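Let me begin by presenting the structure, written as structure tokens, before commenting on it.
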Amino acid sequence: MIIIGLIAITAFGFLLVQLITPYLSQKEKIGNGFLIGIGIYTYLLFLFNLIGLKLTWFNVHLVLVAIVTVLGLFFYLKGTPRSTLKNFQKPKFSKTELFLISIISIIIFGSFISNIYWPIKDWDSLVLYDFRAKLLAETGSINGALKYMSPDSFIGYPLLTSLAHTYFYLWNVPNPLILYSLFFLSFLIICYTRFSKLITERMALIFTLLLAISPHLYDHAKMAYTNLPYTVYLVLGALYIYFWIRTEKNGFLILAAIMTGLSTWTRTTEPFWLGNIAIIGLYLFFFTVQNVIKFRIDPSQQKGVTLSNFIINLKSHSIKRISILCFIASLYIAIFYAFQLPWRIFIASQNYLISSNPVSYAVTAIQATQHINSNTLIQLTDYLFRFTILPAWPLFLTFILGFIYQIVSRKEIWFSLLVLVYFMILLIGAYIFASNYVGWQEIHGSLERMSMFFSPLLICLCVTLFANKELKNK
Amino acid sequence: MKKIVKYLLLIVIIFTLVFYTIHNGFIVFRQIFRDLRFIVQNPSISYDDKMRIYWWGVYDFTQFVKRNTPPDAKIVIPPQDRPWLTSGNNGLMSYFLYPRVLINGSLYGIPENADYDYIAIIPGEWEDAPAEKYGWPKITVHAEKIIYFNPQTKETSFTNGPFYPNQETKAKMGLIKVEKGKKSP
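The listed protein sequences derive, respectively, from chains A and B. Numbering-wise, this note's numbering comes out as the position in the first sequence, counting from 1, plus 262. Numbering-wise, this note's numbering comes out as the position in the second sequence, counting from 1, plus 128.
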């Protein structure tokens, strides 16, 4: 019966994706449907619980039925569902492609079988994520669960995975581990469909296989940690920003905002979301500058450009596009913060200090750089090299070579820039942590988990290097 | 020249990715094979058996505590320090023992003014601590009864209090039912 619930959650996400990006393929909408469905559904449960709705089987389904019905009715009145169903096409694959699909399927199958067989067993999930879920299911409320658990632990991470587990427990299903296989599967489906927009189907399958055999991803597809969902949301957020830049379809940026917002609804400790905002800001800046410069060298202009001519023509040429971009970027920030802020307000309401805002990060970073300890810096570089770069050295090497390749071939470098910004955030964050915490070298496992998103991100970057298809509507 | 550099870069990138695929493919498929082999060989083992594989004697101990204490019991466990990093982890032990309330003791004592009914006897499961640290509690406790647990045979045995820490009790696992009104000296 839980399958019906999961289908309903996916349907909710599917309809939402249909609303935002109707031009995506059906399989991509289904993949996104699960990720966005489970993310937003747990987020709504959190909000409803804060205003007094108890987490009981009836109540959580009341919420689910209500949101699916509202969206479903909207599309029914618009007449979209019929056309959506008509769009389902039977895929045709060559023998090589079928072989690649079989290998990827074996890996996904391995994760599903393992998750059906094993109960939740890993340290952090028992101490925090799953324990919190059981308490939520039993007490029906966050305040109730807080009575049995140290608030320090409880507020350490947002509730996405815990509330998803709670949903299983409300159905009396004792093992919610299968959720992580679904995260893994959805991620591979979305990446494959995105890749196939840039490279051939066969190459897209090869790169999807590369994702599937990332040992960290596969390991985390079999355990109830937050790192896999976080990686999935963060990487897809980055990928959709890239597609927004390439196609200028605003729906991609809205999807990116939801994905990145949900990454902070999974984990708040890492501020990699700042990288997305930085890249969007940079893109807006360059777009604006580029359009102004383009105007200056416009051959249709006579002799020289006067100030009044410049302003009038600028208005007629590109001010509309720049305004739309500014609006959509503001919408990105609004959607992102809509997902991030409630949890931060909740933490503040528990009398805990919150430090996850750009200003506090900047202040801490400046403070840390004022007295740089060269010894710590050398140790940290060695540490990062061993635990972040070495496990995925071929991908980091590809990143460096790819960056040179992009510059030599004058290809656009937005995705590489984003990876670079993420890496800078990791470096600065690790340095600040190392400066403030004496035993920082003992927790390399945390560092490895924190930086595990680099592997899939770098694989996506490789795909952009090999991109040979023109994207529509540029 | 630019073209040569471009092709050279692409060749190195492709070579690196092929290496990455073979290397990771080997790791992941070996793991899938191992996982599936274990599952096929042990298709119907119980939840307890599965948890025992991951949490060794600590899991059995929590089940022993569950059997011998009421749900509203308040139990003192060792400090979260070597060699009790697992059994002294309040969050982890709470997962298995909830709704029982767990209180962490210190190396040589029990928190003053703490309200508790039981004290866990745990030798310490991590092997990298100094020899003198093993065995907890390290103080004499006035006990109504002491229940010992043999993790090998899963058998339990009862004795009457008080509990004196010594070489014999140092290696034992169990529970002390505290004599109310006569707390630890």
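Beta carbons: idealized from backbone N, C-alpha and C, even for Gly. Quick caveat: nothing in here was measured; it's all calculated off a predicted structure.
Consult DSSP for residue i and reduce its assignment to one of helix, strand or coil.
i	result
M301 (chain B)	strand
N635 (chain A)	coil
Y246 (chain B)	strand
V670 (chain A)	helix
F355 (chain A)	coil
F291 (chain B)	strand
A271 (chain B)	strand
V306 (chain B)	strand
W535 (chain A)	helix
Y699 (chain A)	coil
K736 (chain A)	Summary for K736 (chain A): the model assigns pLDDT 44, below 50, so the residue's position carries little reliability; its value from the coordinates is reported in the next sentence. Reduced to three states, the DSSP call for K736 (chain A) is coil.
D256 (chain B)	coil
K291 (chain A)	helix
Y175 (chain B)	helix
Q159 (chain B)	helix
F715 (chain A)	coil
P604 (chain A)	helix
R529 (chain A)	coil
Y285 (chain A)	coil
E374 (chain B)	Since the first residue shown for chain B is 129 and the last is 313, residue 374 (chain B) is missing from the structure and cannot be characterised.
G691 (chain A)	helix
T318 (chain A)	coil
D386 (chain A)	helix
E463 (chain A)	helix
Using the Cβ count rule (16 or more neighbours within 10 Å means buried), how would you classify residue i?
i	result
E532 (chain A)	buried
S285 (chain B)	exposed
E240 (chain B)	exposed
I142 (chain B)	exposed
C588 (chain A)	exposed
R162 (chain B)	exposed
Y305 (chain A)	buried
Q612 (chain A)	exposed
N538 (chain A)	buried
S145 (chain B)	The sequence shown places Leu at residue 145 (chain B), not Ser. Classification of L145 (chain B): buried, given that the 10 Å Cβ count is 16 or more.
G216 (chain B)	buried
L339 (chain A)	exposed
S325 (chain B)	Because chain B spans 129 through 313 in this model, residue 325 (chain B) falls outside it and cannot be assessed.
K151 (chain B)	Correcting the residue type first, residue 151 (chain B) is His in the shown sequence and not Lys. Exposed.
Y431 (chain A)	buried
L324 (chain A)	exposed
D644 (chain A)	exposed
K357 (chain A)	exposed
S678 (chain A)	buried
R583 (chain A)	exposed
N635 (chain A)	exposed
G302 (chain B)	buried
Based on DSSP bridge pairs, tell me the residues matched to residue i.
i	result
L230 (chain B)	B:I203
G237 (chain B)	B:S234
T284 (chain B)	B:F277
Give the interface partners of residue i over in chain E, defined as CB-CB distance under 7 angstroms, in chain order.
i	result
G153 (chain B)	Absent from the structure is chain E; the protein chains it does hold are A and B.
Contact list for the region 132-149 of chain B against chain A, Cβ threshold 8 angstroms: V133, K134, L137, L138, V140, I141, T144, L145, F147, Y148, T149
Within 9 angstroms of chain A by C-beta, residues of the region 217-236 of chain B in sequence order: N217, N218, G219, L220, S222, Y223, F224, Y226, P227, V229
Validate contact between the region 301-317 of chain A and the region 362-372 of chain A using beta carbons, cut 8 angstroms, 3 pairs: no
Members of the region 638-671 of chain A that neighbour chain B once the beta carbon cut-off is set at 7 angstroms: P656, L657, L659, T660, L663, G664, I666, Y667, V670, S671
Interface residues of the region 160-186 of chain B facing chain A [CB-CB below 7 angstroms]: I160, D163, L164, I167, Y175, K178, M179, Y182
Interface residues of the region 392-405 of chain A facing chain B [CB-CB below 8 angstroms]: D392, F393, K396, L397
Residues of the region 694-706 of chain A with Cβ closer than 9 angstroms to any Cβ of chain B, in chain order: none
Near-chain B residues of the region 576-606 of chain A (beta-carbon distance less than 8 angstroms), N- to C-terminal order: none
Contacting positions in the region 495-515 of chain A - beta carbon closer than 8 angstroms to chain B: none
At least 3 beta-carbon pairs within less than 8 angstroms: the region 147-163 of chain B vs the region 184-194 of chain B: no
Interface residues of the region 267-286 of chain B facing chain A [CB-CB below 7 angstroms]: none
Touch test, the region 476-484 of chain A against the region 316-327 of chain A, Cβ-Cβ under 8 angstroms, three pairs minimum: no
Under 9 angstroms (Cβ pairs) to chain B, residues found in the region 526-546 of chain A: none
The region 196-209 of chain B / the region 174-187 of chain B touching (three or more Cβ pairs under 8 angstroms): no
Residues within the region 371-384 of chain A neighbouring chain B, beta-carbon criterion of under 7 angstroms: G372, I375, S376, Y379, W380, P381, K383
Chain B contacts made by the region 355-372 of chain A, where a contact means CB separation under 8 angstroms: I368, I369, G372
Three-pair Cβ contact test at 8 angstroms for the region 452-460 of chain A versus the region 678-688 of chain A: no
Interfacial residues, the region 717-735 of chain A to chain B, with Cβ spacing under 8 angstroms: C724, L727
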